[in-house]
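1 is the number of the first residue of the sequence shown in the UniProt record's numbering; add one for each residue after it. Structure first, commentary second.
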Amino acid sequence: MILLISDLHLEQERPDISRAFLHFLHSRAPQAEALYILGDFFEVWVGDDAITPFQRTIAQALRELSDSGTKIYLMHGNRDFMIGKAFCREAGCTLLTDPSLVELAGEQVLLMHGDSLCTQDQAYMRMRRWLRNPLSLFILRNLPLTTRHKLARKLRNESRAQTRMKASDIVDVTLAEVPRIMAAHGVHTLIHGHTHRPATHQLQVNGSPARRIVLGDWDQQGWALQIDGPDWQLAPFPLG
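Here it is as structure tokens:
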């Protein structure tokens, strides 16, 4: 069995989500061969050197799962793209590039966070290119901690305000971009998060049937894609 989740946006201010995630780790994840977390695991991450006691508790829980035999793979999201190797070592997880090509149940599958598919949001794409530039990341990681926290709050507030103002199709994936990137990687299944619009979409890639599976966010309920051989189930569950 393989589990895929994304967009938990873990933060101390949402103990219901963190409790649900810890329960998920203790009850469901130990039966899995692998757990994939496709970005926005934390609501904000300003650097591995700034890890909080709350975040360390999450890291320790992941390490326990990893030590029990479940492989854990973590991908950056737009909220936590500064997660680095130190956190992954502490949590016992492997950091995936975005996008990543992996084999799931005998099939080559493309995994993404999903924000890079929203190409119609040109302002966001420009900011994303700047933030993910290696030089920008070096500068950000070496800023004083108070400055990083202020910048993170500013970016988060601006992102929320701009998202409310933009048309829904602008902040969703660009439909033409999906088959393009799937064809470029030679896959017929793409799994991503980011949009908070869980669904399985059927499409055509180079004239052949394909599918795009969108993971849900953990806000009103939790979401997980469970792969057990040929059985793929994307389903919600209560946070309580």
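Where is the CB? At the ideal position from N, CA and C, for every residue including glycine. Being a predicted model, the structure only gives us computed values, none of them experimental.
- Tell me Gly-69's beta-bridge partners as DSSP assigns them. In DSSP, Gly-69 forms no bridge with anything.
- Query: Who does Met-127 pair with in a DSSP beta bridge?
  - Reply: Answer is none; Met-127 lacks a bridge partner.
- Start-end ranges of the beta strand (DSSP E) lying completely within the stretch 77-102, minimum 3 residues: 94-96
- Query: Cβ atoms of Ser-68 and Pro-15: under 8 Å apart, would you say?
  - Reply: no
- Out of Arg-148, Thr-70, Gln-12 and Gln-122, state which residue places its alpha-carbon closest to the alpha-carbon of Asp-48. Arg-148
- Among Leu-175, Trp-130, Asp-40 and Ala-61, which one has its Cα closest to the Cα of Thr-119? Leu-175
- Using 10 angstroms around the beta-carbon of His-26, count the other beta-carbons present and answer buried if the total reaches 16, otherwise exposed. exposed
- Query: If you compare alpha carbons, which of Glu-64, Val-44 and Asp-40 is closest to residue 267?
  - Reply: One cannot answer for residue 267 here, as it falls past the ends of the chain, which runs 1 to 240.
- Message: Extract the residue ranges of the alpha helix (DSSP H) inside the stretch 6-74, only unbroken runs of 4 or more that lie entirely within it.
- Response: 15-27 and 53-67
- His-201 (DSSP reduced to helix, strand or coil): strand
- Message: Out of Leu-38, Tyr-36 and Phe-54, which one is the CA nearest neighbour of Glu-13?
- Response: Phe-54
- Message: On the CB-based measure, 16 or more other CB atoms within 10 Å of its CB, does Pro-198 come out buried or exposed?
- Response: buried
- Grouping DSSP H, G and I as helix and E and B as strand, with all else coil, what is Asp-228? strand
- Rounded to whole angstroms, how far is the Cβ of Leu-95 from the Cβ of Leu-101, which I believe are closer than 8 Å? Actually they are not in contact, since the Cβ atoms of Leu-95 and Leu-101 sit about 15 Å apart, beyond 8 Å.
- Counting along the chain, where does the beta strand (DSSP E) carrying Leu-135 start and finish? Premise fails: Leu-135 lies in the alpha helix (DSSP H), 134-141, not in any beta strand (DSSP E).
- Taking the C-alpha atoms as reference points, what is the distance between Val-44 and Lys-154? 12 Å
- Task: Using alpha carbons as the reference points, say which of Gly-229, Leu-131 and Asp-219 lies closest to Leu-8.
- Result: Asp-219
- Exposed or buried, what is Pro-99 when buried is set at 16 or more other beta-carbons lying within 10 Å of its beta-carbon? buried
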